[in-house]
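According to the working numbering, the sequence shown is numbered sequentially starting from 697.
Idealized CB from N, CA, C, for every residue including glycine.
Predicted model only: the values in this text are computed from it and were never measured.
Okay, so here's the structure we're looking at.
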Amino acid sequence: GDQKPDFRTISDFRLNKRKYLEEYFNQVLLLSKAMGLISLGHVSIDGSKIKSNASKKKTKEREEIDRYEEKIKKMLDDANQIDKAEDEKYGETKSGYEIPAELVGKEKLLEKIKEAKKILEENKKLKRINLTDNESRFMKKSDGGIDECYNGQIAVDSANQIITAQDLSNQASDSYLFSSIYERIEQVIKEQPKEVSADAGYYSGLTYKYIEDKNIDAYLPESRFEKEA
């Protein structure tokens, strides 16, 4: 009857069954390995920027957040003073519609600001933070634009294009993510791929050292090679 689940149903199912989904993902990989569908002869690694559910307009720098906090505190203080004055004049019975539209949700926003300031204090390297989603970061997308995103990582086995590992990071650059996605392959399948390839975005001295220390047969170009050539 053309029935289909609402998007909230799918979202809630994923949220509530998260630990089971991860377990089944691992079981599918092991089953695929046992059936010969995964060879680990060659694994390719790549990343993709995924737009977060947050507006870049809500991303504020440290000084902006301080000013924003003071502005909202003043609005709420002024509103409280008006409430007291009106209570004395008209009594304490209210219908609720007296709340100015610009104040609706400001208490919750103030809590978000305090939470964001705490994260900035704990991580001195962060220059700015998004008030809607504290974990998302400004990243350059494939179309050249910049937006609040996450960096989705994926490793695919060449034999039958089966995903052997996945991860999600809020680091904009791939250059320090090679080791984490590679180790996820080993953790589940308990075997080291014979060959691994990735693009120049994964180049860094730390990545090259990791490849050498682990004795990985990797095909990973040095990012400045073309310019030097």
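Straight-line Cα distance separating residue j from residue i
{"i": "Val-852", "j": "Lys-767", "result": "50 Å"}
{"i": "Lys-890", "j": "Ser-832", "result": "34 Å"}
{"i": "Cys-845", "j": "Phe-834", "result": "6 Å"}
{"i": "Thr-755", "j": "Asp-762", "result": "13 Å"}
{"i": "Ser-826", "j": "Asn-819", "result": "The identity of residue 826 in the sequence shown is Asn, whereas the question assumes Ser. Going from the Cα of Asn-826 to the Cα of Asn-819 covers about 14 Å."}
{"i": "Phe-709", "j": "Asp-895", "result": "35 Å"}
{"i": "Lys-808", "j": "Leu-711", "result": "22 Å"}
{"i": "Asp-870", "j": "Ile-850", "result": "11 Å"}
{"i": "Asn-866", "j": "Glu-759", "result": "22 Å"}
{"i": "Ile-859", "j": "Thr-903", "result": "22 Å"}
{"i": "Ile-741", "j": "Ala-855", "result": "14 Å"}
{"i": "Glu-743", "j": "Lys-810", "result": "In the sequence as displayed, the identity of residue 743 is Gly instead of Glu. Using only the alpha carbons, I get a separation of about 32 Å."}
{"i": "Phe-874", "j": "Arg-880", "result": "10 Å"}
{"i": "Ile-842", "j": "Ala-868", "result": "11 Å"}
{"i": "Asp-716", "j": "Lys-770", "result": "The residue you asked about is not Asp; residue 716 is Tyr in the sequence shown. Computed Cα separation, rounded: 47 Å."}
Integer-rounded CB distance, given that residue j should sit under 8 Å from residue i
{"i": "Leu-725", "j": "Val-892", "result": "Incorrect: roughly 17 Å between the Cβ atoms, too far for contact."}
{"i": "Ser-876", "j": "Lys-745", "result": "With 8 Å as the limit, Ser-876 and Lys-745 do not qualify as a contact, their Cβ atoms being about 17 Å apart."}
{"i": "Tyr-898", "j": "Glu-918", "result": "Between Glu-918 and Tyr-898 the Cβ distance is about 11 Å, and since that is not below 8 Å, they are no contact."}
{"i": "Ser-748", "j": "Asp-829", "result": "5 Å"}
Beta-carbon proximity list for residue i, same chain, < 6 Å, skipping 5 on both sides
{"i": "Ile-907", "result": "Ala-914"}
Opposing strand residues paired with residue i [DSSP bridges]
{"i": "Lys-836", "result": "Ile-842"}
{"i": "Asp-742", "result": "Ile-850"}
{"i": "Tyr-915", "result": "Ser-893"}
Cβ neighbours of residue i in the same chain (closer than 7 Å, five flanking residues each side left out)
{"i": "Asp-909", "result": "none"}
{"i": "Met-731", "result": "none"}
{"i": "Gln-888", "result": "Glu-882"}
Contacts around residue i, its chain only, beta-carbon distance under 8 Å, and the 5 residues preceding and following it disregarded
{"i": "Glu-757", "result": "Lys-823, Arg-824"}
{"i": "Leu-805", "result": "Ile-768, Leu-827"}
What are the uninterrupted segments assigned as beta strand (DSSP E) that are 3 or more residues long and contained completely in the region 851–912, given in chain order?
858–865, 892–894
Length-filtered (3 minimum) beta strand (DSSP E) runs lying within the region 802–828
824–826
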